[in-house]
Amino acid sequence: MANLIDAEAGTERFGSYEAELKLVQADLSQQLDEIPELSGEPRKAAIRKAERALEEANELLGQMRLEKPNIPAPSKSKINARFRNFESDIDAASRKLKSLSDDRHALFGSRYTDNPTTDDQLEQRQQLLSGTERLGRSSGRLMESQRIALETEEIGRNTLGDLHTQREQITRTRQTLLESEGYTDRSIKTLRGMARRYGLHPQPRARSSVRC
1 MANLIDAEAG TERFGSYEAE LKLVQADLSQ QLDEIPELSG EPRKAAIRKA ERALEEANEL
61 LGQMRLEKPN IPAPSKSKIN ARFRNFESDI DAASRKLKSL SDDRHALFGS RYTDNPTTDD
121 QLEQRQQLLS GTERLGRSSG RLMESQRIAL ETEEIGRNTL GDLHTQREQI TRTRQTLLES
181 EGYTDRSIKT LRGMARRYGL HPQPRARSSV RC
């Protein structure tokens, strides 16, 4: 009974992957049909989307391959046939996508040609120089931002160092004041003790004899 349950569970998982793969296949097929009608950036975006769908399809095929050993013997031949059909369809889609990706003229539009004229070469060179300049400007801004960040970090580090030094000075000053208060208290106690020992008392202040 346990083996039967495991086999049925394996068939169920395989069927779940199979249903999901059919949906991905339909989406991939639609994308491959749309790509030839596009060019430039929209074509590149569609190709990237199709590549992600193809990756998902291959992952599902991998999961189905892992589940095949759990298929009950009576269903193995039918399952294997369906699996081979899926593999064949995905392989064909992969070849078609590669062919569409290799079509440079469709990808780059009129800017690309196998036999460029002098004007085309000048235009491509100008575009390359323009791209290089933009990259240089971006790199310059990045370096400037990095410089400012480093300066800010150095200022913060110096400020923290100054605050630490000031804290130490305040702590030492406070300690000195406490010690001074201790010395003063001990001096007062010593003087009072001496006064008691020698019978010394403070003299009362003389009253003034001048009368109005």
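So for the sequence shown, full-length UniProt numbering puts the first residue at 1; every next one is plus one. We put the CB at the ideal spot given by N, CA and C, even for glycine. These figures come from a predicted structure and were not determined experimentally.
Buried or exposed for Arg65, going by 16 or more other Cβ atoms inside 10 Å? In the sequence shown, the residue the question calls residue 65 occupies position 65. Exposed.
Under 8 Å, do Leu54 and Leu23 count as touching if we go by C-beta distance? Working through the sequence shown from its first residue, we reach residue 54 at position 54. Working through the sequence shown from its first residue, we reach residue 23 at position 23. No, the pair does not count as a contact, with Cβ atoms beyond the cut-off.
Cut-off 7 Å between Cβ atoms - residues of its own chain near Arg13, not counting five sequence neighbours on either side: Start at 1 with the first residue of the sequence shown, and residue 13 comes out as number 13. Closer than 7 Å at the Cβ level, and outside the excluded window around Arg13, lie Glu67.
Test item: CB-CB of Ala46 and Ile35 under 8 Å: Along the sequence shown, read from residue 1 onward, the residue named residue 46 stands at position 46. Along the sequence shown, read from residue 1 onward, the residue named residue 35 stands at position 35. Their beta carbons are under 8 Å apart, which means Ala46 touches Ile35 by this criterion.
Could you compute how far the alpha carbon of Ala195 sits from the alpha carbon of Ile188? The residue given as residue 195 occupies position 195 in the sequence shown. The residue given as residue 188 occupies position 188 in the sequence shown. So the two alpha carbons sit approximately 11 Å from each other.
Residue environment, Ala93, which counts as buried when at least 16 other CB atoms sit within 10 Å: Within the sequence shown, the letter at position 93 stands for residue 93. Buried is the call here.
How would you label Val210, buried or exposed, when you count the other beta carbons within 10 angstroms and need 16 or more for buried? If you number the sequence shown from 1, residue 210 lands on position 210. Here Val210 scores only 47 on pLDDT, less than 50, and its place in the model should not be relied on; the value that follows carries that caveat. Its Cβ having fewer than 16 others within 10 Å, Val210 is exposed.
Would you call Ser110 buried or exposed, if buried means 16 or more other Cβ atoms sit within 10 Å of its Cβ? Within the sequence shown, the letter at position 110 stands for residue 110. Note that Ser110 scores a pLDDT of 48, beneath 50, so its modelled location is shaky; the value from the coordinates is reported in the next line. Here Ser110 is exposed. Its C-beta has fewer than 16 other C-beta atoms within 10 Å.
Going by beta-carbon coordinates alone, are Leu97 and Glu51 separated by less than 8 Å? For the purposes of this step, residue 97 is taken as the residue at position 97 of the sequence shown. For the purposes of this step, residue 51 is taken as the residue at position 51 of the sequence shown. Cβ distance < 8 Å, so Leu97 and Glu51 count as in contact.
Could you tell me the boundaries of the alpha helix (DSSP H) in which Lys76 lies? The residue labelled residue 76 in the question sits at position 76 within the sequence shown. Boundaries of the alpha helix (DSSP H) harbouring Lys76: 73-101, taken from the DSSP string.
Just mark Gln30 as buried or exposed, buried being the case when its beta carbon has 16 or more other beta carbons within 10 Å. Start at 1 with the first residue of the sequence shown, and residue 30 comes out as number 30. Burial call: exposed.
Indicate the three-state DSSP secondary structure (helix, strand or coil) for Ser39 in the structure shown. What you label residue 39 is simply residue 39 of the sequence shown in a count that begins at 1. Reduced to three states, the DSSP call for Ser39 is coil.
Please determine whether the Cβ atom of Gln169 lies at a distance below 7 Å from any heavy atom of the ligand MN. Of the ligands one can find in the structure shown there are none, so the ligand MN has no counterpart to examine.
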